[in-house]
Amino acid sequence: MEIIILPSAAEVGRLAARKIARTIITKPTAVIGLATGSSPLAIYAELAAQVRDGSLDTGQVSGFALDEYVGLPADHPESYASVINREVTTPLALDAARVHVPDGRADDLEAACAAYEEAIRDAGGVDIQILGIGANGHVGFNEPTSSLRSRTRLKTLAPQTRADNARFFDDPDQVPTHCVTQGLGTIMDAQQVVLVAQGPGKAAAIAAAVEGPVTAMCPGSVLQFHQHATVIIDDAAAAELSLADYYRYTYANKPSWQRF
Ligand code: GLP
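With our numbering as the guide, the letters of the sequence shown map in order to residues 1067 to 1326.
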């Protein structure tokens, strides 16, 4: 796992965007794994600026969102279908037909989850997965004790996650209790993973995911087994890492040909 610590949240977004853009430039038909939440917003804003100024062509890019609430109407402003449309598909000028979000309204959710896995496989798999991390270590909506090999499925949201996400709803009771999420095994199949985190509220989760034991108690820790995972965080999110100075040293001395 490569850990990159940068002085500000803005720099985290810029560097992660550069890595995503590099993937798209190398492979114009790239399949991008899309995360919701506030953590990746700076990445999307940066990529959108590159699309606007003509330096990035996303015309053939596909996207697969990590997760969706169960039971929200698709046009609800906080459904992840709406969020992805607003924050990603439109500003990045993606072809909407190539952008997929799990179906949280299907009568047969199990079949919808299986179909989502198949759609990812049919697209050739995810080239680069963008991830945030929850304060309890969740990635996607894989809450603590999620199987490290899980696939896309129905999950119950942890009370902490519902409380964390209440800020997006008028009333905390409106936060759905269930979701559909790509599993940890699904996420681990991506060729590359870029996890971003900013702020002191993520420091404990980052320390557990990066330096703690690999355990279902901290779902993000499964990335220690990933072949190509990059964690890009600001100083505040790095505050509880015991080897922070080593990661800074390693990045400062990274060979130029390995920089992105
Ligand atoms: C959300 C999403 C995750 C996200 C995480 C952190 O509930 N399901 O994909 O990474 O929680 O959210 P934020 O980036 O807003 O802190």
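The C-beta atom is built at its ideal place from N, Cα and C for all residues, glycine as well. Note that this is a predicted model, so its numbers are computed, not measured.
Report task. Could you round the C-beta distance between A1271 and G1200 to whole angstroms and report it? I think they count as a contact, below 8 Å. Result -> The residue labelled residue 1271 in the question sits at position 205 within the sequence shown. The residue labelled residue 1200 in the question sits at position 134 within the sequence shown. Beta-carbon to beta-carbon, A1271 and G1200 are separated by about 7 Å, close enough to satisfy the 8 Å threshold.
Query raised in the report: Would you say E1198 and G1103 are within 7 Å of each other, going by their C-beta atoms?
Result: On the sequence shown, residue 1198 is found 132 positions in, with the first residue counted as 1. On the sequence shown, residue 1103 is found 37 positions in, with the first residue counted as 1. Note that residue 1198 is Gly in the sequence shown here, rather than Glu. Closer than 7 Å, so yes.
Query - Cβ-heavy atom distance, A1185 to the ligand GLP, below 6 Å - result: Along the sequence shown, one-based indexing puts residue 1185 at 119. Not so, every heavy atom of the ligand GLP lies at least 6 Å from the Cβ.
Report task. Please indicate yes or no: does the CB of L1101 lie closer than 6 Å to some heavy atom of the ligand GLP? Result -> Locating residue 1101 in the sequence shown gives position 35, counting from the first residue. Inspection of the sequence shows that residue 1101 is occupied by Ala rather than by Leu. Distances between the C-beta of A1101 and the heavy atoms of the ligand GLP include at least one below 6 Å.
Query raised in the report: Does the stretch 1176–1188 come within contact of the stretch 1154–1164, defined as at least 3 CB pairs closer than 8 Å?
Result: In short, these stretches do not touch, since the Cβ pair count stays below three.
Query - Where G1120 falls, given that 16 or more other Cβ within 10 Å makes a residue buried - result: Residue mapping note: residue 1120 aligns to position 54 of the sequence shown, counting from 1. Looking at its Cβ environment, which holds fewer than 16 other Cβ atoms inside 10 Å, G1120 is exposed.
Query raised in the report: Distance, Cα to Cα, R1325 vs G1190?
Result: Taking the first residue of the sequence shown as position 1, residue 1325 is located at position 259. Taking the first residue of the sequence shown as position 1, residue 1190 is located at position 124. Rounded to whole angstroms, R1325 to G1190 spans 26 Å at the Cα level.
Query - Pick from L1107, T1124, A1076 that is closest to T1095, judged by C-alpha positions - result: The count along the sequence shown starts at 1 and reaches residue 1095 at position 29. Per the Cα distances, T1124.
Query raised in the report: Taking the continuous alpha helix (DSSP H) assigned at A1112, which residues delimit it?
Result: Numbered from its first residue, the sequence shown carries residue 1112 at position 46. The sequence as given places Glu at residue 1112; Ala does not occur at that position. The continuous alpha helix (DSSP H) containing E1112 extends over residues 1107–1118.
Requested in this report: Would you kindly report the start and end of the unbroken beta strand (DSSP E) that includes I1298?
Outcome: Taking the first residue of the sequence shown as position 1, residue 1298 is located at position 232. Element bounds for I1298: 1295–1300.
Query raised in the report: Three-state secondary structure (DSSP) at G1198?
Result: The residue labelled residue 1198 in the question sits at position 132 within the sequence shown. In the three-state scheme derived from DSSP, where H, G and I count as helix and E and B as strand, G1198 is classed as coil.
Requested in this report: For F1207, verify whether its CB is less than 6 Å away from any heavy atom of the ligand GLP.
Outcome: As a first step, residue 1207 is located in the sequence shown; it is residue number 141 there, counting from the start. At least one heavy atom of the ligand GLP sits closer than 6 Å to the Cβ of F1207.
Query raised in the report: Taking C-alpha atoms, which residue in R1152, I1109, P1242 lies nearest to L1138?
Result: In the sequence shown, the residue the question calls residue 1138 occupies position 72. The shortest Cα separation from L1138 among R1152, I1109, P1242 belongs to P1242.
Query - Extent of the continuous alpha helix (DSSP H) to which R1152 belongs - result: In the sequence shown, the residue the question calls residue 1152 occupies position 86. R1152 -> no alpha helix (DSSP H), and no H or E assigned at all.
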